[in-house]
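Trainee: Residue 202 in the UniProt record's numbering sits at position 202 of the sequence shown, with consecutive numbering throughout.
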Amino acid sequence: MVALFIFIGLGTLTSTLSGLVVAGVGTSLQKARPAVSIVSNNMTDLMRVNNDGWKSLSPNPSTSIKTIDDVNNLDINETLDTGNTLLNHAGSKLNATGNEIMSHQLTMGGDGKYQLRDMKAFFHDIAYYRYSFHPYLTFFELFAFTIAIILVIIKVFVSIMEIGFITMLAQGMALSDIDSGKRNLALIQKLRDTFIVLFLTSVMLQLFTFWTSALANPANQQSPVAQCFGIIAGAMFLINGPNIVTSLFGMDGGARGIGATLVGGAMGLRAAGGLGRGMARGVSSAAHATA
């Protein structure tokens with residue numbers, strides 16, 4: 001019975017399960033949009049501060065960014081125009097308090113005391129940027145998130161290829177193990193463990209997106225630095241995987257092996273390139289010596 005099941009129905013079953021796992025991974029990435037939360041949480045829109053009456057420099061939410069299209073269409077160099085001061089700030093989108101604040105700059109004088117300087121000039125006005133952001137923290141968080149997602153995606157595709165190979169091997173050898181069935185059972189157990197690890201990878205990816213969204217939630221009052229370390233920790237968990245998965249199934253629950261392979265391959269290519277350059281210099285030196 002086991003041999004007939006492997007020979008007839010195993011291919012359809014594995015194809016269906018693989019498609020479900022891949023669809024789950026894609027859905028979790030499309031719905032969560034952690035990159036949008038990372039960008040939004042590391043930025044403050046002064047127009048939001050203005051709309052809240054300048055009561056706090058940390059509005060909730062800090063920006064109006066909700067989708068990836070908002071990020072793509074964002075003009076980080078946009079300034080706040082206070083309008084024409086001679087015409088009572090005509091053309092300004094700010095309220096009266098905002099016009100008063102954005103028209104002055106706090107500077108330190110030669111005596112070490114702070115004083116307000118009028119930013120309006122006759123020919124050219126100096127204006128504040130609309131968005132205040134943390135470029136380095138945003139870069140590190142997006143970098144850690146991107147590396148983790150890339151490694152997990154590679155891990156998923158490698159696991160699917162392994163499942164396909166095991167399925168093909170099992171179907172080809174199914175009828176040759178009718179007497180004892182031990183080899184067929186071993187192949188089925190290997191497929192089962194691989195599918196479980198693949199499913200757990202999808203679950204960990206979903207948890208990682210929830211984790212990044214929770215860190216980006218202003219209600220948690222996380223500082224940008226704490227959020228950066230939190231995302232790095234979540235990325236490391238996603239890459240390394242839970243130790244319990246390795247203990248139970250004897251397989252890497254994360255993408256640690258993929259990362260090690262990529263790093264090893266990069267170092268190998270670098271070493272090969274250095275060896276090639278060394279050989280070229282040696283041949284060139286020998287040619288000059290012969291001449």
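Even for Gly, the Cβ is constructed at its ideal location relative to N, Cα and C.
Touching or not, the segment 201-218 and the segment 181-191, by the rule of three or more beta carbon pairs under 8 angstroms?
Mentor: no
Trainee: Looking at ASP118: is its Cβ nearer than 9 angstroms to the Cβ of HIS104?
Mentor: Taking a C-beta distance under 9 angstroms as the contact criterion, ASP118 and HIS104 qualify as a contact pair.
Trainee: May I have the straight-line CA-CA distance separating VAL39 from THR63, to the nearest angstrom?
Mentor: If you draw a straight line from the Cα of VAL39 to the Cα of THR63, it is about 10 angstroms long.
Trainee: Taking the runs of the alpha helix (DSSP H) that are 4 residues or longer, which of them lie wholly in the segment 128-190?
Mentor: The qualifying runs are 135-173.
Trainee: CB-CB under 8 angstroms to VAL36, same chain, minus the five flanking residues each way: which ones, in chain order?
Mentor: Counting only Cβ-Cβ distances below 8 angstroms, and skipping sequence neighbours, we find ILE65, LYS66, THR67, ILE68, ASP70 and VAL71.
Trainee: Ignore the nearest five residues each way along the sequence and tell me which others in ALA127's own chain have a CB closer than 8 angstroms to its CB.
Mentor: THR79, LEU80, ASP81, THR82, MET102 and MET119
Trainee: Please report the distance separating the alpha-carbon of GLY241 from that of LYS55.
Mentor: 44 angstroms
Trainee: To the nearest angstrom, report how far apart ASP45 and GLY98 are at their CA atoms.
Mentor: 13 angstroms
Trainee: Measuring alpha carbon to alpha carbon, tell me which residue in VAL152, MET108, SER132 and PRO59 is nearest LEU200.
Mentor: Nearest C-alpha to LEU200: VAL152.
Trainee: Helix, strand or coil for MET108, going by three-state DSSP, please let me know.
Mentor: MET108 falls in the strand class under three-state DSSP.
Trainee: Tell me which same chain residues have a C-beta within less than 7 angstroms of the C-beta of ILE147, skipping the five on either side of it?
Mentor: Apart from sequence neighbours up to five positions away, the residues of its chain that approach ILE147 with a beta-carbon distance below 7 angstroms are ALA235, ordered along the chain.
Trainee: Per DSSP, which residues does LEU215 bridge with? Please list them.
Mentor: Note: LEU215 sits in no beta bridge, so no partner.
Trainee: Could you pull the DSSP bridge partners for ASP118 from this structure?
Mentor: HIS104
Trainee: So LEU94 and ASN50 are supposed to be a Cβ contact under 8 angstroms. How far apart are they, rounded?
Mentor: 5 angstroms
Trainee: Using the C-alpha atoms, what's the distance from LEU198 back to LYS190?
Mentor: 12 angstroms
Trainee: Tell me where the beta strand (DSSP E) around ASP69 begins and ends.
Mentor: Not the beta strand (DSSP E): ASP69 falls in the alpha helix (DSSP H), residues 68-72.
Trainee: Figure out for me which residue from LEU207, ASP111 and LEU137 has the closest Cα to the Cα of ILE149.
Mentor: LEU207
Trainee: For PRO34, which residues from the same chain have a beta carbon less than 7 angstroms from its beta carbon, with the 5 sequence-adjacent residues on both sides left out?
Mentor: PHE145, THR209, THR212 and SER213
Trainee: What number of angstroms, rounded off, separates the C-alpha of ASN42 from the C-alpha of ASN73?
Mentor: 17 angstroms
Trainee: The alpha helix (DSSP H) with ASN77 in it runs from where to where?
Mentor: First-last for ASN77: undefined, no H or E at that position.
Trainee: State the DSSP-derived secondary structure class of THR44, mapped to helix, strand or coil.
Mentor: strand
Trainee: Which residue's Cα is closest to the Cα of SER159: GLY230, GLU141, PHE143 and ASP193?
Mentor: ASP193
Trainee: So, is TYR131 buried or exposed, given that buried needs 16 or more other C-beta atoms within 10 angstroms?
Mentor: buried
Trainee: So, is LEU185 buried or exposed, given that buried needs 16 or more other C-beta atoms within 10 angstroms?
Mentor: LEU185 is exposed by the Cβ-count criterion.
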